[in-house]
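Top line first, the protein sequences correspond to chains L and B.
Numbered by this note's numbering, the letters in the first sequence go through residues 29 to 387 in order.
Numbered by this note's numbering, the letters in the second sequence go through residues 130 to 746 in order.
Built from N, CA and C at the ideal position, the CB exists for glycine as well.
These numbers come from a predicted model, not from an experiment.
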Amino acid sequence: MKSKKKICRYLLSGVLFCVLMVGCSSKSGQDGTAKAETQQDADTSFYAERDIFAMDTYMTVKAYGDRAEEAVEAAKQEINRLDRLLSTTNSESEIYIVNENGSEILSEDTALLLEKSLELYDSTNGLFDITVYPLMQEWGFTTEKYKVPKVKRVKALLQNVDASKIEFEATKYLLTLPEGVKIDLGGIAKGYTSERIMEIFKEYGIQSGIVSLGGNVQTYGLKSDGSFWNIAVQNPDVLSDTAGYIGVLKIKDKAVITSGGYERYFEEDNKLYHHILNPKTGYPADTGLSSVTIVSDDGTLADGLSTSLFIMGKEKALKYWRNYADLFDVVLVENDGAITITEGLEEVFSSDFDVIVAE
Amino acid sequence: MKKDWKEIFFILPAVILAFGVVLGFRLNMSGFVPVTYHEKEVVNEPTKESEKDSYSGNDNSSDNNVSNSDLKNDNSKDNVTNIKKLKYTKEGTWKDGTYTGSGTGFGGLIEVCVTISNSEITDIQIISCEGETQSYLKKAIAVIERIITAQSPDVDMVSGATYSSNGICTAVIQALNKAGGNLKINPLEKNAVQNNEKKSSNSKKKENNSKNKKSADGNGKPADGVYSGSAVCEQFGYTINLKTRFKSGKAVSIYGLKITGNKDKANKAYWEKAWKPMVKRILKTQNTDVDAVSGATYSSNAILEAYQNARLKAVGTEKSKDKKNKTDVSPSPVILLPDDNDNTQATENVKDGIYLVSAVCEPDQRMAFSAYTLMADVTFEGGKCISIDNFSSTDESNKNYYLKAANGTTEVEGVVAQILKTQSVSGISAVSGATCSSKTIRELYIKALNEAGGAVKEDIVDDSETSPENTPSLPPMASPTPGLPQTSSLPENNSFAASDMLIKDGVYTASAIVAADEWEEFADYNLTADVTFAGGKLVGIDNMVPEDTSNQGYCNLAANGYGSNKGVIQQLIDRQNGDVDAVSGATCSSLALVQIYKNALEMAMGDCDENIYNKSN
Chain L
29 MKSKKKICRY LLSGVLFCVL MVGCSSKSGQ DGTAKAETQQ DADTSFYAER DIFAMDTYMT
89 VKAYGDRAEE AVEAAKQEIN RLDRLLSTTN SESEIYIVNE NGSEILSEDT ALLLEKSLEL
149 YDSTNGLFDI TVYPLMQEWG FTTEKYKVPK VKRVKALLQN VDASKIEFEA TKYLLTLPEG
209 VKIDLGGIAK GYTSERIMEI FKEYGIQSGI VSLGGNVQTY GLKSDGSFWN IAVQNPDVLS
269 DTAGYIGVLK IKDKAVITSG GYERYFEEDN KLYHHILNPK TGYPADTGLS SVTIVSDDGT
329 LADGLSTSLF IMGKEKALKY WRNYADLFDV VLVENDGAIT ITEGLEEVFS SDFDVIVAE
Chain B
130 MKKDWKEIFF ILPAVILAFG VVLGFRLNMS GFVPVTYHEK EVVNEPTKES EKDSYSGNDN
190 SSDNNVSNSD LKNDNSKDNV TNIKKLKYTK EGTWKDGTYT GSGTGFGGLI EVCVTISNSE
250 ITDIQIISCE GETQSYLKKA IAVIERIITA QSPDVDMVSG ATYSSNGICT AVIQALNKAG
310 GNLKINPLEK NAVQNNEKKS SNSKKKENNS KNKKSADGNG KPADGVYSGS AVCEQFGYTI
370 NLKTRFKSGK AVSIYGLKIT GNKDKANKAY WEKAWKPMVK RILKTQNTDV DAVSGATYSS
430 NAILEAYQNA RLKAVGTEKS KDKKNKTDVS PSPVILLPDD NDNTQATENV KDGIYLVSAV
490 CEPDQRMAFS AYTLMADVTF EGGKCISIDN FSSTDESNKN YYLKAANGTT EVEGVVAQIL
550 KTQSVSGISA VSGATCSSKT IRELYIKALN EAGGAVKEDI VDDSETSPEN TPSLPPMASP
610 TPGLPQTSSL PENNSFAASD MLIKDGVYTA SAIVAADEWE EFADYNLTAD VTFAGGKLVG
670 IDNMVPEDTS NQGYCNLAAN GYGSNKGVIQ QLIDRQNGDV DAVSGATCSS LALVQIYKNA
730 LEMAMGDCDE NIYNKSN
């Protein structure tokens, strides 16, 4: 409800801004002849964009502002820095080292992410669990050498899947993992990264910016024309004949992060296995949802919750949302295509499909 | 293991779809176009159906054409929504009529035709979609339905999609722009419109070329030497530039592919696809009567025309030899641009017209960008330069800089304004923070002036780019504004080892075989790239063209690196030797790039600048 009010406020300011922009653009439009030199008015914002391959995915960073070029370059550096820090495969990363050695003094970023992870672990009753990594490896989701592990093997590995076993001395930033426990912060790393880019945008006085980190979208400010960003939500039924997306969110200053079984999966004996493992069972979560989209100011939270709520299933996910409705909103897509959105999105989500609004 | 990154999101059972995705991956990511409306009205251009088929022996575009009835068949879905439809911020109305637009799909360019009636989008037809898979087309059709329902194509990003079907939206937006609609615009989008308009000026240029054709008819024997040629790809507005070496009256190598004036990164796939087969065929047949490349008809024709253009120069006289591509690299935040060309000041002899010129903007040592070609239209009227506009470049990441240089800042007058005011190249101040671009713009003006006949000393600027052996002549440094740091980094002043000085500056096209090692599952393929040496140093490797384009992703990965894996190109530039680390996940491509560097170095140090097509055939 709170967020609904906020959105009304956004809309109002958006309208005002639009009116201002119209005034400007019609003025400049009259003498907008084909001379390049007449186009760069004093209020002109510059645009820059980078495509980056990092964290095992493609990323796009776009910014408008006088220092857009510097900002996207800084964003690229930051992405690469965090990738180096958080990678599970780079032998110089803190995560790799702690997984190998069992303990490590973390840098500030990693420590912050670890704390967030542990908070999420508590609030999701253990469904967000960074220690599920050995199971991900066993299923082959980390290497793409997919296989359905033996039941015994899953049970054995589950013994070590429990983030509550992690010891973290917050004052010393000292992380200690028990024997057999391995962690992967990949579940929130991209969300944290996009959030960091928003901070960079702020530092560089960017007016308007957007990032897509492998489909994790976060926006900064309004669009350069003063309107809201239109962020579509991917249709999880990727092989369907319908449009690529189930609907469009009109937002500003929000992260929109979608998780679904359609992103990474394999088939064995005519059965599909996707990559979102339930840390309680060791098997892909099968709760009737095909995708979960979190809309939040907090990219890290949105990233972490998108997988957690997917594992919860619709009813539990909505229950969880009711407890934290001031922090995020959510779009749930069920296997049969039914779409449920939470209240806060009622005014901002448009779709060609039937949509149920949860309160 | 090494292919993991590519397929990590889509393990699709259907091989065709997977192929389409892999192909489209790169295109789509690079094809992101800011989705914004502009207020400028563009005259509806008729589609050039007649030109389409001029070389289209193998053109498969018709195979994939989607007829209107196909679209209509899918239009049965009639979902009702209990959510209010978005109100799009459209102001004004579209003019009734049909309009065409193009964008990048998974497989390449998609052209659409949008029908506006009663100011509403009533129909969208896909008129061409080369290389698209059926599944993409189905999605595209669904997107079209949505656009018609929403009366707007406006989506900025898709959450949860590693890549999305932005191409169709881009195409529709382009068409709608032509329909007017008086929509709000981001100032930068105006430039895109201007690039569209460049076609017209390019055409003028082309007429000049065809005049040449008559005077120096193509049947003559080409003189030995290296000649550059260029041709405009009319349909998409970019210019193909290439170099051809003639020996004993025969074309022995064609290399140095450079694209200028390209406004859509997606076009890259086309010329890349067309380049190598065309070069092979031209060299083989020695005449220009070759088939176009299937799926890349337009670019093939342009390559052909560019070659013809080079040949005409070889057949004709030294008069048509290339203008020099002079580079100056002296850096300093604010400097007076070197006043080395007084003789190029405007004279009465200047022929009016629009001159399309290009010059290489090279980084100095402090600048962290790679050399790129800047292009602009320089217009002379009444013997005076009245405008320098329609800027475009081979690397639009530099757009901010060259626009800043052209237009200036609140404190400093732009170079364009200064030139127009003084009608001279002397006393022009570089725009701080865009020094290199400032110089390049000044260079453009000089070139245009030369072309317009205003230059006196042709020999200064003549006959230089025709061969990569030529070291760019550098203008003397002007005294920098006091108080500002000066870094004098003229290539000649660099303290390189003596052996390095043997490297002849220029752009060398080299290739190497990407050989699969024992763990790899791909077939060996040939990788070609342009290696640029300046100041006796490697400054960049670009225009990477893998024989098998599905490997482009690996090549890019190897070239640019990711995460902690530093790209091979940067390592080569840093170390100036072949001792570099391979990029994990793209080891084979990394090794090939190093080999390309070594091959190019050999060309640059030896007297052999013949290109690889020659050797490999």
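- [ ] Report, in whole angstroms, the separation of the C-beta atoms of lysine 280 of chain L and leucine 250 of chain L, which I expect to be a contact under 8 Å.
- [x] Position 252 of the first sequence, counted from the first residue, corresponds to residue 280 of chain L. Position 222 of the first sequence, counted from the first residue, corresponds to residue 250 of chain L. Contact holds; Cβ gap of about 5 Å.
Open item on the list: Is the separation between the beta-carbon of aspartate 212 of chain L and that of isoleucine 158 of chain L shorter than 8 Å?
Closed with: As a working note, residue 212 of chain L is residue 184 in the first sequence. As a working note, residue 158 of chain L is residue 130 in the first sequence. The answer is yes: Cβ separation under 8 Å.
- [ ] Note down, in chain order, each residue of its chain lying with its Cβ closer than 6 Å to the Cβ of alanine 386 of chain L, except the 5 sequence neighbours on either side.
- [x] Taking the first sequence and counting its residues from 1, the one referred to as residue 386 of chain L is at position 358. Closer than 6 Å at Cβ, skipping near neighbours: Leu346, Thr368, Thr370.
- [ ] Compare the beta carbon distance of glycine 219 of chain L and glycine 365 of chain L with 8 Å and say whether it is the shorter of the two.
- [x] By 1-based counting over the first sequence, the position of residue 219 of chain L is 191. By 1-based counting over the first sequence, the position of residue 365 of chain L is 337. Not a contact, by the Cβ cut-off of 8 Å.
Open item on the list: With the cut-off set at 8 Å, would you say valine 239 of chain L and asparagine 258 of chain L are in Cβ contact?
Closed with: Working through the first sequence from its first residue, we reach residue 239 of chain L at position 211. Working through the first sequence from its first residue, we reach residue 258 of chain L at position 230. Taking a C-beta distance under 8 Å as the contact criterion, valine 239 of chain L and asparagine 258 of chain L do not qualify as a contact pair.
Task: Spatial neighbours of alanine 729 of chain B in its chain, beta-carbon cut-off 6 Å, leaving aside the 5 residues before and after - done: If you number the second sequence from 1, residue 729 of chain B lands on position 600. Cβ neighbours of alanine 729 of chain B beyond the five flanking positions: Tyr637, Ala639, Val660.
TODO: Report the option in L:Asn108, L:Lys90, L:Arg112 whose CA atom is closest to the CA atom of glutamine 235 of chain L.
DONE: Here residue 235 of chain L refers to the residue found at position 207 of the first sequence. Glutamine 235 of chain L has its Cα closest to that of L:Lys90, out of L:Asn108, L:Lys90, L:Arg112.
TODO: Return the CA-CA distance between serine 679 of chain B and glutamate 401 of chain B, expressed in angstroms with no decimal places.
DONE: What you label residue 679 of chain B is simply residue 550 of the second sequence in a count that begins at 1. What you label residue 401 of chain B is simply residue 272 of the second sequence in a count that begins at 1. Annotation: serine 679 of chain B to glutamate 401 of chain B spans about 12 Å, alpha carbon to alpha carbon.
Task: Interface residues of the segment 301-329 of chain L facing chain B [CB-CB below 8 Å] - done: From the segment 301-329 of chain L, only Ser319, Thr321 have a Cβ closer than 8 Å to chain B.
Task: the segment 277-288 of chain L: positions lying closer than 7 Å to chain B by Cβ - done: Result list: Lys278, Val284, Ile285, Thr286, Gly288.
Open item on the list: Is it buried or exposed, lysine 568 of chain B, if we count other Cβ atoms within 10 angstroms and call 16 or more buried?
Closed with: Working through the second sequence from its first residue, we reach residue 568 of chain B at position 439. Classification of lysine 568 of chain B: buried, given that the 10 Å Cβ count is 16 or more.
Task: Beta-ladder partner(s) of glutamate 143 of chain L, from DSSP - done: Position 115 of the first sequence, counted from the first residue, corresponds to residue 143 of chain L. DSSP, once it has assigned bridges, lists no residue as partnering glutamate 143 of chain L.
Open item on the list: When you compare the CB positions of serine 718 of chain B and leucine 667 of chain B, do they come within less than 8 Å of one another, or not?
Closed with: The sequence position of residue 718 of chain B within the second sequence is 589, counting from 1. The sequence position of residue 667 of chain B within the second sequence is 538, counting from 1. At the C-beta level, serine 718 of chain B and leucine 667 of chain B stay beyond 8 Å of one another.
Task: At least 3 beta-carbon pairs within less than 8 Å: the segment 294-304 of chain L vs the segment 178-186 of chain L - done: No: the two stretches stay apart, fewer than three of their Cβ pairs being nearer than 8 Å.
Open item on the list: Assuming serine 287 of chain L and isoleucine 304 of chain L are in contact, meaning their beta carbons sit under 8 Å apart, how far apart are those beta carbons, in whole angstroms?
Closed with: On the first sequence, position 259 is the one that residue 287 of chain L refers to. On the first sequence, position 276 is the one that residue 304 of chain L refers to. Here serine 287 of chain L really is in contact with isoleucine 304 of chain L; their C-beta atoms are around 6 Å apart, less than 8 Å.
TODO: Less than 8 Å between the CB atoms is what I'm expecting for leucine 433 of chain B and tryptophan 404 of chain B, so what's the real figure, rounded?
DONE: Position 304 of the second sequence, counted from the start, is the residue given in the question as residue 433 of chain B. Position 275 of the second sequence, counted from the start, is the residue given in the question as residue 404 of chain B. About 11 Å separates the two Cβ atoms, so there is no contact after all.
TODO: Using beta-carbon positions only, say whether cysteine 702 of chain B and alanine 658 of chain B come within less than 8 Å of one another.
DONE: Mapped onto the second sequence, residue 702 of chain B falls at position 573. Mapped onto the second sequence, residue 658 of chain B falls at position 529. For the sequence presented, residue 702 of chain B should be read as isoleucine rather than cysteine. It is not a contact, given that the beta carbons lie outside the stated cut-off.
TODO: With 8 Å as the threshold, decide whether the Cβ of methionine 732 of chain B is near any Cβ in chain L.
DONE: Start at 1 with the first residue of the second sequence, and residue 732 of chain B comes out as number 603. Chain L, which has no Cβ nearer than 8 Å to the Cβ of methionine 732 of chain B, makes this no.
Task: arginine 571 of chain B at chain C interface by Cβ criterion, 8 Å - done: Looking for chain C here will not work: the only protein chains present are L and B.
Task: As assigned by DSSP and simplified to three states, the class of phenylalanine 229 of chain L - done: Sequence index remark: in the first sequence, residue 229 of chain L carries index 201 (1-based). Helix.
- [ ] Give every residue of the same chain whose Cβ lies closer than 6 Å to the Cβ of glutamate 223 of chain L, excluding the five residues on either side of it in the sequence, and list them in chain order.
- [x] Position 195 of the first sequence holds residue 223 of chain L. Answer for glutamate 223 of chain L: Gly327, Thr328, listed in chain order.
Open item on the list: Which residues in chain L have a C-beta closer than 8 Å to the C-beta of threonine 278 of chain B? List them in chain order.
Closed with: One-based indexing of the second sequence puts residue 278 of chain B at position 149. The answer, in chain order, is Asp380.
TODO: Mind the definition here: the segment 300-315 of chain L touches the segment 161-168 of chain L only if three or more C-beta pairs lie below 8 Å; say whether that holds.
DONE: The segment 300-315 of chain L is in contact with the segment 161-168 of chain L.
- [ ] Go ahead and pull the three-state DSSP assignment for glutamate 387 of chain L.
- [x] Position 359 of the first sequence, counted from the first residue, corresponds to residue 387 of chain L. The answer is coil: DSSP assigns glutamate 387 of chain L none of H, G, I, E or B.
Task: alanine 546 of chain B and serine 566 of chain B closer than 8 Å at C-beta - done: For the purposes of this step, residue 546 of chain B is identified with residue 417 of the second sequence, where counting begins at 1. For the purposes of this step, residue 566 of chain B is identified with residue 437 of the second sequence, where counting begins at 1. Contact flag unset, no.
Task: For methionine 734 of chain B and serine 382 of chain B, the rounded distance between their alpha carbons - done: For this step, residue 382 of chain B is matched to residue 253 along the second sequence. For this step, residue 734 of chain B is matched to residue 605 along the second sequence. Between the C-alpha atoms of serine 382 of chain B and methionine 734 of chain B there is a straight-line separation of about 18 Å.
TODO: Apply the 10 Å Cβ neighbour rule to serine 558 of chain B and answer buried if 16 or more other Cβ atoms are within range, or exposed otherwise.
DONE: Residue mapping note: residue 558 of chain B aligns to position 429 of the second sequence, counting from 1. Counting of Cβ neighbours within 10 angstroms places serine 558 of chain B among the buried residues, the total reaching 16 or more.
Open item on the list: At the level of alpha carbons, what is the spacing between arginine 109 of chain L and valine 541 of chain B?
Closed with: Residue 109 of chain L sits at position 81 when you count from the first residue of the first sequence. Residue 541 of chain B sits at position 412 when you count from the first residue of the second sequence. Looking at the two C-alpha atoms, the distance is approximately 36 Å.
- [ ] Closer than 8 Å by C-beta to glutamine 187 of chain L: which residues in its own chain qualify, once you throw out the five before and the five after it? Chain order, please.
- [x] On the first sequence, residue 187 of chain L is found 159 positions in, with the first residue counted as 1. Hits under 8 Å: Gly208.
- [ ] Taking 8 Å as the cut-off, decide whether the C-beta atoms of valine 361 of chain L and leucine 300 of chain L are in contact.
- [x] Within the first sequence, residue 361 of chain L is the residue found at index 333, counting from 1. Within the first sequence, residue 300 of chain L is the residue found at index 272, counting from 1. In this structure, leucine 300 of chain L does not lie closer than 8 Å to valine 361 of chain L by Cβ.
Open item on the list: Buried or exposed for glutamine 246 of chain L, going by 16 or more other Cβ atoms inside 10 Å?
Closed with: Taking the first sequence and counting its residues from 1, the one referred to as residue 246 of chain L is at position 218. Label assigned to glutamine 246 of chain L: buried.
TODO: Output, in chain order, the set of chain B residues within a Cβ distance shorter than 7 Å of serine 240 of chain L.
DONE: As a working mapping, residue 240 of chain L is identified with position 212 in the first sequence. Per Cβ cutoff of 7 Å: Met286.
Open item on the list: Just to make sure I have the definition right: I need the residues of chain L whose C-beta is within less than 7 Å of the C-beta of glycine 289 of chain B. Which are they?
Closed with: The residue you call residue 289 of chain B lines up with position 160 of the second sequence. Neighbours of glycine 289 of chain B on chain L, chain order: Gly243, Val261, Gln262, Thr286, Gly288, Ser319, Thr321.
TODO: Determine the contact status of glycine 230 of chain B and valine 241 of chain B, defining contact as a CB-CB distance below 8 Å.
DONE: Taking the first residue of the second sequence as 1, we reach residue 230 of chain B at position 101. Taking the first residue of the second sequence as 1, we reach residue 241 of chain B at position 112. Here glycine 230 of chain B is near valine 241 of chain B, since their CB atoms are less than 8 Å apart.
Task: Simplified DSSP assignment, three categories, for aspartate 331 of chain L - done: On the first sequence, position 303 is the one that residue 331 of chain L refers to. Three-state DSSP puts aspartate 331 of chain L in a helix.
Open item on the list: Determine whether the beta carbon atoms of asparagine 127 of chain L and lysine 210 of chain L lie at a separation below 8 Å.
Closed with: The residue labelled residue 127 of chain L in the question sits at position 99 within the first sequence. The residue labelled residue 210 of chain L in the question sits at position 182 within the first sequence. In contact: asparagine 127 of chain L and lysine 210 of chain L (Cβ atoms closer than 8 Å).
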